[in-house]
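Participant:
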Amino acid sequence: MREREGPMEQPIARKEIVTDTYFGTTIADPYRWMEDWKGEELKNNNWKRN
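Residue numbers (my numbering): 67 to 116.
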C-alpha cells in the first residue's frame with residue numbers, strides 16, 4: 067500500500083437548519099438532513115466512508 071502525500075481532503079457537509087422546540091427551548095440542528103441514509107445526496111457523496 068502506498069503512503070499518501072499530504073492530508074486527505076474531507077468533504078464539506080452542507081448545512082440546512084431545522085429547529086425543534088422542546089419544553090420551551092428551541093434546538094437548531096443543521097445536519098438533520100443526514101438522518102435520511104437512503105437519500106440521494108448521501109449516496110452520491112463519501113459521507114459513509116468517513
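Every residue gets a Cβ at the ideal spot worked out from N, C-alpha and C, and that includes glycine.
Quick caveat: nothing in here was measured; it's all calculated off a predicted structure.
(1) Do you know how far the Cα of residue 80 is from the Cα of residue 94?
(2) Compare the beta carbon distance of residue 85 and residue 92 with 7 Å and say whether it is the shorter of the two.
(3) Looking at the strands, I want to know which residues DSSP matches up with residue 93.
(4) Which residue marks the beginning of the alpha helix (DSSP H) containing residue 106, and which one marks its end?
Facilitator: Here's the rundown:
(1) For residue 94 and residue 80, the distance between alpha carbons rounds to 14 Å.
(2) Contact: yes.
(3) DSSP links residue 93 through a beta bridge to 86.
(4) Judged by DSSP secondary structure, residue 106 falls within the alpha helix (DSSP H) whose first and last residues are 106–109.
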